[in-house]
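Visitor: One structure, pasted below without further comment.
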Amino acid sequence: MPSIRPLALAALLPLLGACASSGSSTAASSPVPELKPGVPAGYLGRDLPDSLALLPAPPAPGSAAFANDEAVHAAAQRLRDTPRYAQATRDADLSFPAASDNFACALGVPIDAQATPRLYMLLRRTMVDAGLGTYGAKNQYQRVRPFMLHEEHTCLARDEEALRKDGSYPSGHTAIGWTWAMVLTQVAPARANALLARGRQFGESRLVCNAHWQSDVLEGRAVASGVFAKLQGNADFLADVAAARKEVAARQAAGATPTGCETEAAALATPVPGVL
Numbered sequence: 051m052p053s054i055r056p057l058a059l060a061a062l063l064p065l066l067g068a069c070a071s072s073g074s075s076t077a078a079s080s081p082v083p084e085l086k087p088g089v090p091a092g093y094l095g096r097d098l099p100d101s102l103a104l105l106p107a108p109p110a111p112g113s114a115a116f117a118n119d120e121a122v123h124a125a126a127q128r129l130r131d132t133p134r135y136a137q138a139t140r141d142a143d144l145s146f147p148a149a150s151d152n153f154a155c156a157l158g159v160p161i162d163a164q165a166t167p168r169l170y171m172l173l174r175r176t177m178v179d180a181g182l183g184t185y186g187a188k189n190q191y192q193r194v195r196p197f198m199l200h201e202e203h204t205c206l207a208r209d210e211e212a213l214r215k216d217g218s219y220p221s222g223h224t225a226i227g228w229t230w231a232m233v234l235t236q237v238a239p240a241r242a243n244a245l246l247a248r249g250r251q252f253g254e255s256r257l258v259c260n261a262h263w264q265s266d267v268l269e270g271r272a273v274a275s276g277v278f279a280k281l282q283g284n285a286d287f288l289a290d291v292a293a294a295r296k297e298v299a300a301r302q303a304a305g306a307t308p309t310g311c312e313t314e315a316a317a318l319a320t321p322v323p324g325v326l
């Protein structure tokens, strides 16, 4: 998809730039290509799903679908100053290791560059694929985000400048979180229920953060499904899944457990009002 890739990279890299600070010791079967120093490329290259072809146009202002988006936005903003808002703020951070920590409780083992290097790199590379996969539609529609329309703020002020230049539809964070949930389920099938629930909650955090409309989140999952399907035909991805599966099994056998899971579970027990 050569027509969208330069624009997509220009928009996505500011949001991913912090991940360059971690993971340099990650082992892999072969050298990993980089988008810039410290930021690994995805697995798919230009073989991404075309989100513009996959998705309908976003809800038009004045439509019933947009009225529903507005209603969910208003309901989600009532969660400010709650533990669910604090968790949404943590979910907004795509830098590593913070991003991978958000799925450790659902996986049941810690995720880090030292003890689980192939898993760590698997998440970093699939993040790029999922994020870039949204840009056919993002660049076409340039949908205004709810915090911009309502002259409000998001839960992570440092990202707002980049978000203002980045279309709202579909949600890149949701595409990343749902892709991770499916990839981790492939790594640890016994944890599928917890992982898929966490992937859904990760996307819903974008509603709480005031960064996306509900329709952005729903269609972010559709893009993630396309990315995941494409990954199944990529030999490097499948090799990293197999290696990550062994790493997780070794950590389970060693009794390694993530921290902060009770706090996370309590925060996520609060439903986001009105979501489908």
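In this text, residue positions in the sequence shown follow the working numbering: the first is 51, and each later residue adds one.
The beta-carbon is built from N, C-alpha and C at its ideal position, and this holds for glycine as well.
Just so it is clear, the structure is predicted and the values come from calculations on it, not from any experiment.
Within 10 Å of its beta-carbon, does T313 have 16 or more other beta-carbons around it, so buried, or fewer, so exposed?
Guide: By the 10 Å Cβ count, T313 comes out exposed.
Visitor: To the nearest angstrom, how far is the alpha carbon of R134 from that of R271?
Guide: In a straight line, the C-alpha of R134 is about 21 Å away from that of R271.
Visitor: Secondary structure at V325, three-state DSSP: helix, strand or coil?
Guide: Note: V325 maps to coil in three-state DSSP.
Visitor: Given G67, which residues of its chain have a CB within under 6 Å of its CB, disregarding the five upstream and five downstream residues?
Guide: In this prediction, G67 has a pLDDT of 46, which is less than 50 and means its spatial position is unreliable; what the coordinates show is noted afterwards. If we look at G67 and ignore the five residues flanking it on each side, it has no Cβ neighbours.
Visitor: How would you call D131, buried or exposed, if buried means at least 16 neighbouring beta carbons within 10 angstroms?
Guide: When all chains shown are included, D131 counts as exposed.
Visitor: Return the residue from the list V298, C205, M177 and S101 that minimises the CA-CA distance to P90.
Guide: Out of V298, C205, M177 and S101, M177 has the C-alpha closest to the C-alpha of P90.
Visitor: Looking at the unbroken alpha helix (DSSP H) that takes in L169, where does it start and where does it end?
Guide: Unbroken alpha helix (DSSP H) run through L169: P167 to L182.
Visitor: So, for V122: in the same chain, excluding its five sequence neighbours on each side, which residues have a beta-carbon less than 7 Å away from its beta-carbon?
Guide: Excluding sequence neighbours, V122 sits near L257, Q264, G324 and V325.
Visitor: Relative to the C-alpha of G159, which candidate in M171, A225, R301 and P81 has its C-alpha closest?
Guide: A quick correction: the sequence has Val, not Gly, at residue 159. Residue R301 is the option with its Cα nearest to V159.
Visitor: Are A180 and T229 close, meaning C-beta to C-beta below 7 Å?
Guide: Taking 7 Å as the Cβ cut-off, A180 and T229 qualify as a contacting pair.
Visitor: Less than 8 Å between the CB atoms is what I'm expecting for G183 and P99, so what's the real figure, rounded?
Guide: Confirmed, about 5 Å.
Visitor: Output the distance between the C-alpha atoms of Q251 and K215, rounded to the nearest integer angstrom.
Guide: Answer to the nearest angstrom: the Cα atoms are 25 Å apart.
Visitor: Could you name each continuous alpha helix (DSSP H) segment of 4 residues or more that falls completely within the stretch 108–172, going from the start of the chain to the end?
Guide: For the stretch 108–172, whole alpha helix (DSSP H) runs of length 4 or above, ordered along the chain, are 114–126, 133–142, 148–151 and 154–157.
Visitor: Any idea if E202 is buried or exposed, counting beta-carbon neighbours within 10 angstroms, 16 or more meaning buried?
Guide: With fewer than 16 Cβ atoms within 10 Å of its Cβ, E202 is classed as exposed.
Visitor: Of the choices S275, L169 and M198, whose alpha-carbon is the least far from that of K296?
Guide: For K296, the nearest C-alpha among the options comes from L169.
Visitor: In the DSSP assignment, find the beta strand (DSSP E) that holds K296 and state where it starts and stops.
Guide: It is not in any beta strand (DSSP E) - K296 instead sits in the alpha helix (DSSP H) that spans A285 to A303.
Visitor: Tell me whether V38 sits in a helix, a strand or coil according to DSSP, three-state version.
Guide: Beyond the ends of the chain as shown, which are 51 and 326, falls residue 38; an answer cannot be given.
Visitor: Out of D162, C155 and A110, which has the shortest C-alpha to C-alpha gap to R241?
Guide: If we check each option's Cα against that of R241, C155 comes out closest.
Visitor: Starting from the C-beta of C259, find all residues in its chain whose C-beta is less than 6 Å away, skip the five residues before and the five after it, and write them out in chain order.
Guide: Same-chain partners within the cutoff: A138, A142, T204 and C205.
Visitor: Does P99 come out as helix, strand or coil in the three-state DSSP assignment?
Guide: Coil at P99, not helix or strand.
Visitor: Using alpha carbons as the reference points, say which of S101, G95, G305 and F153 lies closest to N189.
Guide: The shortest C-alpha separation from N189 is found at S101.
Visitor: The alpha helix (DSSP H) with G253 in it runs from where to where?
Guide: Residues A242 to V258.
Visitor: Would you say V237 and V298 are within 7 Å of each other, going by their C-beta atoms?
Guide: It is a contact, given that the beta carbons lie within the stated cut-off.
Visitor: Since V89 sits in a beta bridge, which residues does DSSP pair it with?
Guide: V89 pairs with K86.
Visitor: Do G217 and Y191 have their C-beta atoms within less than 7 Å of each other?
Guide: Contact: yes.
Visitor: Spatial neighbours of D290 within its chain, please: C-beta separation below 6 Å, excluding the five flanking residues on both sides.
Guide: Result list for D290: R168 and L172, in chain order.
Visitor: In the structure shown, what three-state DSSP assignment does Y191 receive?
Guide: Helix at Y191.
Visitor: Can you find the residues in the same chain that come closer than 7 Å, C-beta to C-beta, to D119, ignoring five residues on each side of it along the sequence?
Guide: Within the same chain, D119 has close Cβ partners P109, W263, Q264 and S265.
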